[in-house]
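Colleague: I'd like to ask you about the structure that follows.
There are 2 protein chains.
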Amino acid sequence: MPPTIPDIVISRLPIYLRALTRLAQEGQTVTSSHELGLRLGISSAQIRKDLSHFGGFGKQGTGYQIPYLIEQLKHVLKVNREWEVVLVGAGDLGSALAHYRGFANRGFRIAGVFDNAPNKIGTQVGEFTVESTERMAELIRQRGIKIAMLAVPAEHAQEVADALIAAGIHGILNYAPINLNAPEHVRVQYIDPVVQLQRMTYYIP
Amino acid sequence: MPPTIPDIVISRLPIYLRALTRLAQEGQTVTSSHELGLRLGISSAQIRKDLSHFGGFGKQGTGYQIPYLIEQLKHVLKVNREWEVVLVGAGDLGSALAHYRGFANRGFRIAGVFDNAPNKIGTQVGEFTVESTERMAELIRQRGIKIAMLAVPAEHAQEVADALIAAGIHGILNYAPINLNAPEHVRVQYIDPVVQLQRMTYYIP
Chain A
96 MPPTIPDIVI SRLPIYLRAL TRLAQEGQTV TSSHELGLRL GISSAQIRKD LSHFGGFGKQ
156 GTGYQIPYLI EQLKHVLKVN REWEVVLVGA GDLGSALAHY RGFANRGFRI AGVFDNAPNK
216 IGTQVGEFTV ESTERMAELI RQRGIKIAML AVPAEHAQEV ADALIAAGIH GILNYAPINL
276 NAPEHVRVQY IDPVVQLQRM TYYIP
Chain B
96 MPPTIPDIVI SRLPIYLRAL TRLAQEGQTV TSSHELGLRL GISSAQIRKD LSHFGGFGKQ
156 GTGYQIPYLI EQLKHVLKVN REWEVVLVGA GDLGSALAHY RGFANRGFRI AGVFDNAPNK
216 IGTQVGEFTV ESTERMAELI RQRGIKIAML AVPAEHAQEV ADALIAAGIH GILNYAPINL
276 NAPEHVRVQY IDPVVQLQRM TYYIP
């Protein structure tokens with residue numbers, strides 16, 4: 096793949112993959128950029144343009160073969176394999192993530208849950224026994240884990256992120272409501288419900 | 096405000112507001128686009144350009160008065176007031192959201208938690224007693240609530256969204272991993288951790 100594809104294009108591919116997977120579950124085998132666009136509220140021209148970065152995946156007039164397009168998108172996004180993920184923070188949110196069944200079949204599996212609170216360490220969340228954050232780096236190195244989800248309070252997020260990066264993490268999904276400093280080679284994505292809500296209220300009369 | 100400000104600009108304002116609030120908590124009273132940019136990994140030119148849509152808020156060479164800029168951004172985003180929000184879905188994620196203390200002081204307050212499962216209705220999550228989704232529309236209409244958070248399984252998300260919109264909701268923060276159909280006047284924002292993770296793996300060697 097050329098390395099010059101805009102990140103905004105990359106950000107839409109998981110949305111396409113999710114919609115195509117849903118269509119496949121509903122029993123459909125062929126779709127069009129028009130149908131996909133209607134489902135997603137994205138123009139069909141945009142979808143065709145996005146996919147053209149990777150060769151197009153469809154023939155003019157015959158639409159897209161859904162299973163083929165799913166496979167190709169999984170390949171591009173590198174989720175045609177399963178990534179192990181560490182989860183740091185076993186509070187309410189961390190616990191909800193540990194129970195979340197939506198990771199399976201979409202490329203991810205939680206490999207361990209960590210917290211630094213003595214009253215959390217050793218407790219069970221879902222199928223996991225919470226381990227001390229002191230053991231985090233060991234698991235990351237041992238298993239070559241590249242991705243972490245961070246569900247710790249804002250005041251601890253940077254120090255935990257630093258430890259994760261030092262241990263070899265390349266991608267952090269940060270739920271703490273704070274911006275992280277990270278070196279160039281580390282991707283950080285943010286999930287903050289208030290940021291999304293504030294982006295909405297601007298538009299509400 | 097002119098209605099032509101790109102949504103990508105609006106999407107950055109909550110990030111600026113969050114970082115400025117943090118600086119204020121740390122005791123700082125003045126900042127610059129340069130300092131803010133370093134914190135956020137955004138160029139100072141971008142920040143100045145974004146803020147110039149609203150008049151600029153700062154004088155060349157003297158930086159930004161943090162409390163003033165915070166007030167102005169809150170005003171633009173309409174979070175200089177408190178919005179009541181309904182939460183639908185009292186599973187693991189809904190429960191984590193009901194417990195989340197990060198809404199306070201950022202413009203939002205959960206006004207009610209709803210679920211349709213008989214074994215959930217009447218139970219306590221945080222400070223809320225879970226009510227039947229049948230009573231949802233009543234609360235929304237009574238209190239003029241405009242915003243909902245949707246934490247229900249994908250297969251129920253569209254029907255719940257339809258009911259919310261019919262009751263008067265203008266903004267939905269959707270945690271269900273599915274795209275929603277909604278009329279023009281309704282803003283939908285999505286939070287799906289797998290979409291964010293897949294956007295990361297593309298870049299991880």
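Chains as they are written, first to last, in our numbering: chain A, 96 to 300; chain B, 96 to 300.
C-beta: ideal position from N, C-alpha, C; glycine also.
Note that this is a predicted model, so its numbers are computed, not measured.
With H, G and I counted as helix, E and B as strand and the rest as coil, what does DSSP make of GLU121/B?
Modeller: Of the three classes helix, strand and coil, the one that applies to GLU121/B here is coil, per DSSP.
Colleague: Going by the beta-carbon positions, is the gap between HIS265/A and VAL281/A smaller than 8 Å?
Modeller: Taking 8 Å as the Cβ cut-off, HIS265/A and VAL281/A qualify as a contacting pair.
Colleague: Could you round the C-beta distance between ARG236/B and ALA206/B to whole angstroms and report it? I think they count as a contact, below 8 Å.
Modeller: Wrong, their Cβ atoms sit about 12 Å apart, outside the cutoff.
Colleague: Would you say ALA191/B faces chain A, with C-beta separation under 8 Å as the test?
Modeller: yes
Colleague: In this structure, does DSSP put THR116/A in helix, strand or coil?
Modeller: helix
Colleague: DSSP state of TYR195/B, grouped into three classes?
Modeller: coil
Colleague: In terms of alpha-carbon separation, which member of PRO278/A, ALA199/A, THR228/A, LEU234/A lies closest to VAL289/B?
Modeller: ALA199/A
Colleague: Between SER139/A, HIS170/A, ALA193/A, which has its C-alpha nearest ARG294/B's C-alpha?
Modeller: HIS170/A
Colleague: Quick one: using the 10 Å Cβ neighbour count with 16 as the cut-off for buried, is THR318/A buried or exposed?
Modeller: This structure does not reach residue 318/A, given that chain A is present from 96 up to 300, and the question cannot be answered.
Colleague: So with CB distances below 7 Å, who are the chain A contacts of TYR298/B?
Modeller: ARG282
Colleague: What residues in its chain sit with their C-beta under 6 Å from that of ILE105/B, if we drop five residues either side in the sequence?
Modeller: So the list is empty, once near-sequence residues are dropped.
Colleague: Is any beta-carbon of chain B found at less than 8 Å from that of GLN291/A?
Modeller: Yes, because at least one Cβ of chain B sits closer than 8 Å to the Cβ of GLN291/A.
Colleague: Can you tell me where the beta strand (DSSP E) holding GLY132/B begins and where it ends?
Modeller: Careful: GLY132/B lies outside any beta strand (DSSP E), inside the alpha helix (DSSP H) at 128–135.
Colleague: Taking the DSSP output, what are the residues bridged to TYR270/A?
Modeller: TYR270/A is not bridged to any residue.
Colleague: Going by alpha carbons, who is nearest to LEU135/A out of ILE273/A, GLU177/A, LEU108/A, GLU279/A?
Modeller: LEU108/A
Colleague: Determine the burial state of PRO101/B: buried for a count of at least 16 other Cβ atoms within 10 Å of its Cβ, exposed for fewer.
Modeller: So PRO101/B counts as exposed.
Colleague: Looking at the secondary structure, which residues open and close the beta strand (DSSP E) in which ASP210/B lies?
Modeller: 203–210
Colleague: Have a look at LYS173/B and ALA119/A and give me their C-alpha separation to the nearest angstrom.
Modeller: Spanning the alpha carbons of LYS173/B and ALA119/A requires a straight line of approximately 41 Å.
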